[in-house]
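Participant: Residues in the sequence shown are numbered from 5 upward in steps of one, following my numbering.
In this text, a Cβ means the ideal position worked out from N, Cα and C, and glycines have one as well.
Quick one: structure below, then a few questions.
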Amino acid sequence: MLYSGAVLAVVGIFLVASMPIHWLARLLLAVAWTVFCAVEWRRVRRGFSACQRLCLMADGTAMRQDPDGHWDAVRVLSGSIILRHAGWLVLELADGHRAVQPVRGHCRESNDWRRLQVIWRHVGATR
Numbered sequence: 005m006l007y008s009g010a011v012l013a014v015v016g017i018f019l020v021a022s023m024p025i026h027w028l029a030r031l032l033l034a035v036a037w038t039v040f041c042a043v044e045w046r047r048v049r050r051g052f053s054a055c056q057r058l059c060l061m062a063d064g065t066a067m068r069q070d071p072d073g074h075w076d077a078v079r080v081l082s083g084s085i086i087l088r089h090a091g092w093l094v095l096e097l098a099d100g101h102r103a104v105q106p107v108r109g110h111c112r113e114s115n116d117w118r119r120l121q122v123i124w125r126h127v128g129a130t131r
């Protein structure tokens, strides 16, 4: 689990609790926030457990290697973000489930990370 995500989930609950609205609305918003965070956490966990390696081609297609070593085609969905040193890929697996895969890299040290950024600028903008 990403610790930053857990901290932000707790901070979100405190922010909702401090809102100047009826207590029942605060309770419903806190429950909704907790459910949303749990769903995202499950997607991240599924991404970590279902993916050992990712391979993104220049045309935007992607493959993932499962823990057994088999390569499957995946689809990179909208909502994916590639920044200078980090990325957040939303993947649709072959079985239809969605997984989120955080990725990190340094463009000065890694030619692969630089290539991913270039591919994402050209292909990711159209998704």
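Around the C-beta of G91, are 16 or more other C-beta atoms found within 10 angstroms, so that it is buried, or is it exposed?
Facilitator: Label assigned to G91: buried.
Participant: Would you check if the distance between the CB atom of R20 and the CB atom of A34 is smaller than 8 Å?
Facilitator: Residue identity check: residue 20 is Val in the sequence provided, not Arg. Going by C-beta atoms, V20 is nearer than 8 Å to A34.
Participant: May I ask you to verify whether the stretch 79–97 touches the stretch 47–60, counting CB pairs closer than 8 Å and requiring at least 3?
Facilitator: The answer is yes - the stretch 47–60 touches the stretch 79–97, with three or more Cβ pairs under 8 Å.
Participant: If you measure between the beta carbons of I123 and L32, is that distance less than 8 Å?
Facilitator: No, the pair does not count as a contact, with Cβ atoms beyond the cut-off.
Participant: Suppose contacts are defined by Cβ-Cβ distances below 8 Å. Is R49 in contact with R102 by that definition?
Facilitator: No, these two residues do not count as a Cβ contact at 8 Å.
Participant: State the start and end residues of the unbroken alpha helix (DSSP H) segment that holds A77.
Facilitator: Taken as a continuous stretch (DSSP letters only), A77 belongs to no alpha helix (DSSP H), being part of the beta strand (DSSP E) at 75–80.
Participant: Can you tell me where the beta strand (DSSP E) holding C59 begins and where it ends?
Facilitator: Note, C59: beta strand (DSSP E), 57–60.
Participant: Note the first and the last residue of the continuous beta strand (DSSP E) segment covering G9.
Facilitator: Premise fails: G9 lies in the alpha helix (DSSP H), 7–21, not in any beta strand (DSSP E).
Participant: For the candidate residues I85, I17, W117, whose alpha-carbon lies nearest to that of V104?
Facilitator: It is I85 whose Cα lies nearest to the Cα of V104.
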